[in-house]
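A.B. asks: Got a structure for you, written out below as structure tokens; questions coming shortly.
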Amino acid sequence: MPGRYLQHLPKAIVARMDEAKTGLALSAIIPVEALHEAAALMDGLGYFLEDVTGVHVAEGFELDYCFAHWTRPGRVCLCIVAPASQPEAPTISDIFPGADWHERETADFLGVRFVGHPNPQPLLMPEDSLHHPLLREKTDLRSIHALLPQQCFINGLPETLDLPRRTAPCAAGGPSGSTRLP
Amino acid sequence: MSAAAHVPSSPVAHSARLSGPVSHDSLVVSMGPQHPSTHGVLRVVLELDGEYILQAEPVLGYIHRMHEWMGQNRTCHKFLPNMGRVDYLHALAWNWAFVGAVEKLAGIEVPRRAEFIRVITCELNRINSHLLWWGAYLLDLGAFTPIMYAFEDREEIMDLLMRVTGSRLTYCYYTFGGVTADIDEGFAAQARRIVSRLRGRLPMFRDFVTDNAILRARCEGVGHLTPDMARAYGATGPVLRGSGVAYDTRRAEPYSVYPELDFAIPTSDVGDCMARYLVRMAELEQSLNIVEQALDMLPEGQHIHPLAPRMVTLPKGETSFAVEAARGKAVIRLRGDGGPNPYRVKLRAPSFSNLSLFPALAKGTLLADAVAILGSLDLVIPEIDR
Numbered sequence: 656m657p658g659r660y661l662q663h664l665p666k667a668i669v670a671r672m673d674e675a676k677t678g679l680a681l682s683a684i685i686p687v688e689a690l691h692e693a694a695a696l697m698d699g700l701g702y703f704l705e706d707v708t709g710v711h712v713a714e715g716f717e718l719d720y721c722f723a724h725w726t727r728p729g730r731v732c733l734c735i736v737a738p739a740s741q742p743e744a745p746t747i748s749d750i751f752p753g754a755d756w757h758e759r760e761t762a763d764f765l766g767v768r769f770v771g772h773p774n775p776q777p778l779l780m781p782e783d784s785l786h787h788p789l790l791r792e793k794t795d796l797r798s799i800h801a802l803l804p805q806q807c808f809i810n811g812l813p814e815t816l817d818l819p820r821r822t823a824p825c826a827a828g829g830p831s832g833s834t835r836l837p
Numbered sequence: 301m302s303a304a305a306h307v308p309s310s311p312v313a314h315s316a317r318l319s320g321p322v323s324h325d326s327l328v329v330s331m332g333p334q335h336p337s338t339h340g341v342l343r344v345v346l347e348l349d350g351e352y353i354l355q356a357e358p359v360l361g362y363i364h365r366m367h368e369w370m371g372q373n374r375t376c377h378k379f380l381p382n383m384g385r386v387d388y389l390h391a392l393a394w395n396w397a398f399v400g401a402v403e404k405l406a407g408i409e410v411p412r413r414a415e416f417i418r419v420i421t422c423e424l425n426r427i428n429s430h431l432l433w434w435g436a437y438l439l440d441l442g443a444f445t446p447i448m449y450a451f452e453d454r455e456e457i458m459d460l461l462m463r464v465t466g467s468r469l470t471y472c473y474y475t476f477g478g479v480t481a482d483i484d485e486g487f488a489a490q491a492r493r494i495v496s497r498l499r500g501r502l503p504m505f506r507d508f509v510t511d512n513a514i515l516r517a518r519c520e521g522v523g524h525l526t527p528d529m530a531r532a533y534g535a536t537g538p539v540l541r542g543s544g545v546a547y548d549t550r551r552a553e554p555y556s557v558y559p560e561l562d563f564a565i566p567t568s569d570v571g572d573c574m575a576r577y578l579v580r581m582a583e584l585e586q587s588l589n590i591v592e593q594a595l596d597m598l599p600e601g602q603h604i605h606p607l608a609p610r611m612v613t614l615p616k617g618e619t620s621f622a623v624e625a626a627r628g629k630a631v632i633r634l635r636g637d638g639g640p641n642p643y644r645v646k647l648r649a650p651s652f653s654n655l656s657l658f659p660a661l662a663k664g665t666l667l668a669d670a671v672a673i674l675g676s677l678d679l680v681i682p683e684i685d686r
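What follows is the structure, given as structure tokens:
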């Protein structure tokens, strides 16, 4: 059901996933500025935030917000990519208070800034540390395309991201599409 | 990325750790990191008005080891022993989360016998974890004797698990494609003896401890957690089930042979410390049932798949694998890039989310009640700091 709503977000790429292989029912790549709205939507549908995972990729910082539901099966992942030139994302700790610590941890590990965070102190790293341990050397970075070949994309592509068109058969959708996503 | 990036500076004032403003006539106290009721190295900065807590803020990171960095700098086999050190009380759950994620991404098959062995050992480990929590929680509340009883039972299970895993606590027993050693008749017989012995002990624990008026007075009506709040903070495990939500990963995201086993998910609608206590005590009985069933159903066969790889190469892609650990939902998120090392390993620890709701629960309570609340969350600090 969240897919039906998420695909109406501007520039969202919503994909049904192979759950047996990826553990995700639905993955939505959304623009950074749509994150807050999408998180509010997940809250409205009764999901809880499992965690926030930051991955350093060639395009910048991929942040995965994974949600699960107490009664509804299937994990939903909201994915944003903050460019390396502007490593920022809006905080969702006003919607999910539990995101507070997950965001602080991600800021520690990758140096991503969470705009509007109520208490942006280091959580796990020393308070005076300038080191972000999960940052990779440039030669060690992989592109998001290379890392996620199993994604199946629909509903257009955001201009900021040069992502591949869908690679696996999956439901057509989007504002003009007719197929409903779970 | 220089190694000398950490520049020591002047220490941060305790009050600067608090997220809210500090009143001029209140007292700021740093509880921990060396405090008997913070179990390990957790520090909580408290703003007190007399005995009442105005605000509380856990300060983490004292035993932060950066498991996630280690995960992306070595092969899966080399990283696997780390998993026994994340939650040292339920090490096999993290073993399972990691091998499960790798098996899922790399498409490694597990023989049916190995799945049953995993269920048996994982549940025995859960019983161990709950027994230790029970003893330690009562120690927090001022009752010394129960931990002696808990350790007596725990010792038997540790001896049994040591037979197959080779270690006492930080197990590294599961491997990609099965388990490292098969269980024999002697193991099964001893496991059955332990199950029947514990069945006799649990009523005694209930009579002497659970029904004790002092324990009830310390736990009932303290630290009330509503389901809405549990959802806002992503609480899982007995903390969530103590608030009346029957959410258990073994049923919600079925894995291994759990769908074939008959067990209940104990819940309590009350939401206080006592509810979380009762849920864990009921889970002990359920785990005993599971062990017994799995022993009955244990099929013949191999304990490890003959084609289990000596060297795992993760294909490109990502996967998430969740297990129900003693403290709640433990998830490993794995990202492969086609090489021997994972590109990213993420550990979602249940204690991390469960502790994050402590500031909200502790607000307005007595300091002594905050200790009861902290204990009822069943925290394992290495899992939070990772």
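Chain order of the listed sequences is D and H.
Sequence positions in the first sequence follow our numbering and run 656 to 837.
Sequence positions in the second sequence follow our numbering and run 301 to 686.
Using N, Cα and C, we set each Cβ at its ideal position, and we do this for glycine too.
In the segment 550-591 of chain H, which residue ranges form an unbroken beta strand (DSSP E) of at least 3 residues, counting only runs that do not cross its ends?
C.D. replies: Counting whole runs of 3 or more residues, the segment 550-591 of chain H contains no beta strand (DSSP E) stretch at all.
A.B. asks: Compute the distance between the beta-carbons of H/Leu661 and H/Gly523, then report whether it is under 7 Å.
C.D. replies: Yes, Cβ-Cβ distance for H/Leu661 and H/Gly523 is below 7 Å.
A.B. asks: Taking the alpha helix (DSSP H) that D/Ser784 falls in, what are its first and last residues?
C.D. replies: Segment: none, D/Ser784 is in no alpha helix (DSSP H) and carries neither H nor E.
A.B. asks: Grouping DSSP H, G and I as helix and E and B as strand, with all else coil, what is H/Val671?
C.D. replies: H/Val671: helix per DSSP, three-state reduction.
A.B. asks: Quick one: any contact between the segment 443-450 of chain H and the segment 397-404 of chain H, if contact means 3 or more CB pairs under 8 Å?
C.D. replies: Counting Cβ pairs under 8 Å, fewer than three are found: no touch.
A.B. asks: Please state whether DSSP places H/Gly435 in a helix, a strand or coil.
C.D. replies: In this structure, H/Gly435 counts as helix in the three-state DSSP scheme.
A.B. asks: Which runs of the alpha helix (DSSP H) at least 4 residues long sit entirely within the segment 404-432 of chain H? Give them in chain order.
C.D. replies: Taking only runs of at least 4 residues, no alpha helix (DSSP H) segment lies wholly in the segment 404-432 of chain H.
A.B. asks: Taking the CB atoms as reference points, tell me whether H/Val419 and H/Ala594 lie closer together than 7 Å.
C.D. replies: Going by C-beta atoms, H/Val419 is nearer than 7 Å to H/Ala594.
A.B. asks: Below 7 Å on C-beta distance, what does D/Ala801 contact in chain H?
C.D. replies: Within 7 Å Cβ-Cβ: Lys616 and Asp637.
A.B. asks: Determine, using beta carbons only, whether D/Glu717 and D/Val731 come nearer to each other than 7 Å.
C.D. replies: No, Cβ-Cβ distance for D/Glu717 and D/Val731 is not below 7 Å.
A.B. asks: Rounded to the nearest angstrom, what separates D/Gly658 and D/Gly678 at their Cα positions?
C.D. replies: Cα to Cα, D/Gly658 sits roughly 16 Å from D/Gly678.
A.B. asks: Skipping 5 residues on each side, what residues in its chain have a beta carbon closer than 7 Å to that of H/Ile647?
C.D. replies: The sequence given here has Leu at residue 647 of chain H, not Ile. Here the set comprises His367, Glu368, Val386, Ile632 and Arg686.
A.B. asks: Using 7 Å as the limit for Cβ to Cβ distance, is D/Arg759 near chain H?
C.D. replies: False, the Cβ-Cβ gap to chain H never drops below 7 Å.
A.B. asks: For H/Arg493, is the classification buried or exposed, using 16 other Cβ atoms within 10 angstroms of its Cβ as the cut-off for buried?
C.D. replies: When all chains shown are included, H/Arg493 counts as exposed.
A.B. asks: So which residues of chain D does H/Tyr643 contact, with C-beta pairs closer than 7 Å?
C.D. replies: Within 7 Å Cβ-Cβ: Arg797 and Leu802.
A.B. asks: If you draw a straight line from the alpha carbon of H/Pro381 to that of H/Pro566, how long is it in whole angstroms?
C.D. replies: Their Cα atoms are separated by approximately 32 Å.
A.B. asks: What does D/Asp719 pair with, by DSSP beta-bridge criteria?
C.D. replies: Paired residue(s): D/Thr708 and D/Cys734.
A.B. asks: On the DSSP bridge assignment, give the partners of H/Asp349 in chain order.
C.D. replies: H/Asp349 is bridged to H/Tyr352.
A.B. asks: Could you tell me the distance, in whole angstroms, from the CA atom of D/Leu816 to the CA atom of D/Gly701?
C.D. replies: Summary for D/Leu816: the model assigns pLDDT 40, below 50, so the residue's position carries little reliability, and this model does not support an answer.
A.B. asks: For a test of the three-state rule: what should DSSP assign to D/Met672, helix, strand or coil?
C.D. replies: It is coil, neither helix nor strand.
A.B. asks: Comparing the C-beta of H/Val312 with each C-beta of chain D, is any distance below 7 Å?
C.D. replies: By this cut-off, H/Val312 is an interface position.
A.B. asks: Counting only C-beta atoms, is D/Phe751 closer than 7 Å to chain H at any point?
C.D. replies: For D/Phe751, the answer is yes, since a Cβ of chain H falls inside 7 Å of its Cβ.
A.B. asks: Could you have a look at H/Pro358 and say whether DSSP puts it in helix, strand or coil?
C.D. replies: Correct three-state label for H/Pro358: strand.
A.B. asks: Give a yes or no on whether 7 Å exceeds the smallest Cβ distance from H/Pro321 to chain D.
C.D. replies: No, H/Pro321 does not count as interfacial toward chain D.
A.B. asks: Taking CB distances under 7 Å as the criterion, tell me whether H/Ser676 reaches chain D.
C.D. replies: It does not; no Cβ of chain D falls within 7 Å.
A.B. asks: Does the beta-carbon distance from H/Met574 to H/Cys519 come in below 7 Å?
C.D. replies: For H/Met574 and H/Cys519, yes; Cβs fall inside 7 Å.
A.B. asks: Can you say whether H/Gly319 is buried or exposed, counting buried as having 16 or more other CB atoms within 10 angstroms of its CB?
C.D. replies: Note that residue 319 of chain H corresponds to Ser in the displayed sequence, not to Gly. That one is exposed.
A.B. asks: Check the Cβ of H/His364 against every Cβ in chain D and list those closer than 8 Å, keeping chain order.
C.D. replies: Near H/His364 (Cβ distances below 8 Å), the residues of chain D are Leu779 and Met780.
A.B. asks: CB H/Val579 to CB H/Gly638, shorter than 7 Å?
C.D. replies: The answer is no: Cβ separation not under 7 Å.
A.B. asks: Can you tell me which of the three DSSP states H/Pro615 falls into?
C.D. replies: Coil at H/Pro615, not helix or strand.
A.B. asks: By a C-beta neighbour count over all protein chains shown, 10 Å radius and 16 as the cutoff for buried, is D/Thr794 buried or exposed?
C.D. replies: By the 10 Å Cβ count, D/Thr794 comes out exposed.
A.B. asks: Is the Cβ-Cβ distance between D/Trp746 and D/Gly709 less than 7 Å?
C.D. replies: Contrary to the premise, residue 746 of chain D reads as Thr rather than Trp in this sequence. Taking 7 Å as the Cβ cut-off, D/Thr746 and D/Gly709 do not qualify as a contacting pair.
A.B. asks: Do H/Phe476 and H/Val402 count as a contact pair if the criterion is CB distance below 7 Å?
C.D. replies: Contact flag set, yes.
A.B. asks: Taking CB distances under 7 Å as the criterion, tell me whether D/Phe703 reaches chain H.
C.D. replies: Taking Cβ atoms only, chain H reaches closer than 7 Å to D/Phe703, which makes this a yes.
A.B. asks: Can a CB atom of chain D be found closer than 7 Å to the CB of H/Leu354?
C.D. replies: Judged by the 7 Å Cβ criterion, H/Leu354 is not in contact with chain D.
A.B. asks: Within 10 Å of its beta-carbon, does H/Phe451 have 16 or more other beta-carbons around it, so buried, or fewer, so exposed?
C.D. replies: Label assigned to H/Phe451: exposed.
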